[in-house]
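As structure tokens, the structure follows; a few thoughts come after it.
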Amino acid sequence: MTRILVTGMSGAGKSTLLAELARRGRLTVDTNDDGWELPGGLWDERRMSDLLERCDDVVVSGTVENQGRFYDRFDHVVLLSAPVNVLIERVATRTNNPYGRTAEQQTEIRRYATEVEPLLRRGATIELDGRHGVEELADAIEALE
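Residue numbers (UniProt numbering): 1 to 145.
Okay, structure coming up:
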């Protein structure tokens, strides 16, 4: 049983990876959905604590300022990364999330890739290249114990 956090920049492929893992029967939580994030872009800490107390086999996805408070509760913190040009291309064309379509949002993503991704990398236990196929990435996640 393994608790895994998948984190990374917008457009890295987190939601696509979670969908594949869910298709394979894994319990997944995308914290972009269902009120996991409070105003200000923070996780609802009580809700996340409850999830991690109840579930010893779950894959959680998200990137928020207070996620580091939970790193010790996950067996693995996976950084899903991709070059910024790939991130921008993906967010500009995706249909499941409107974030990243405007020039201002794309500038923000570039800034986050420079300022935030290095912080995520320091907290990660493993880094996966989001340019790989979703099946290969899901296999890598499922191999973690």
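Beta carbons: idealized from backbone N, C-alpha and C, even for Gly.
Please read these numbers as outputs of a predicted model, since none were measured by experiment.
Quiz item: How big is the Cα-Cα spacing for ARG90 and LYS14?
Solution: In this structure, the CA atom of ARG90 is about 12 Å from the CA atom of LYS14.
Quiz item: Based on the DSSP secondary-structure assignment, which residues constitute the bridge partners of LEU18?
Solution: DSSP output for LEU18 lists no bridge partner at all.
Quiz item: Buried or exposed: which applies to ILE126, given that a residue is buried once 16 or more other Cβ atoms fall within 10 Å of its Cβ?
Solution: Taking every protein chain shown into account, the CB of ILE126 has fewer than 16 other CB atoms within 10 angstroms, so this residue is exposed.
Exercise. Ignoring anything shorter than 4 residues or poking outside the region 2–77, list the alpha helix (DSSP H) runs there in chain order.
Key: Within the region 2–77, the complete alpha helix (DSSP H) runs of at least 4 residues are 14–23, 45–54.
Practice problem: Could you spell out where the alpha helix (DSSP H) holding LEU128 opens and where it closes? | Solution: No alpha helix (DSSP H) holds LEU128; the beta strand (DSSP E) holding it covers 126–129.
Quiz item: Around the Cβ of MET9, are there at least 16 other Cβ atoms within 10 angstroms (buried) or fewer (exposed)?
Solution: Counting Cβ neighbours within 10 Å, MET9 comes out buried, since at least 16 surround it.
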